[in-house]
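In my numbering, the protein residues as written are 70 to 132. Beta carbons are placed, not taken as given, at the ideal position from N, Cα and C, and that holds for glycine. Read through the structure below, which is laid out as structure tokens, and then see the notes.
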């Protein structure tokens with residue numbers, strides 16, 4: 070079994086763990102709808118697929 074040769078101080082241990090953080094994703098606002106979405110990605114709104122402010126696909130309503 071592996072054993073540490075020297076004790077790791079609390080400061081050193083905590084410094085190693087500081088980089089594990091959650092970052093809020095950057096959001097872009099659609100110029101057409103004003104909806105916030107992930108940049109460079111299409112998004113659905115009211116049955117329509119938007120990309121770069123344009124409607125790409127309109128979902129058909131099944132009756």
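With a CB to CB cut of under 6 Å and the five nearest residues on each side skipped, what residues in its chain are close to residue i?
i: residue 117; result: 124 and 127
If you compare alpha carbons, which of the options is closest to residue i?
i: residue 129; options: 115, 93 and 122; result: 115
i: residue 102; options: 112, 76 and 93; result: 112
Assign residue i to one of two classes, buried (16 or more other C-beta atoms within 10 Å of its C-beta) or exposed (fewer than that).
i: residue 119; result: buried
Skipping 5 residues on each side, what residues in its chain have a beta carbon closer than 7 Å to that of residue i?
i: residue 99; result: 106, 119 and 122
i: residue 108; result: 95 and 97
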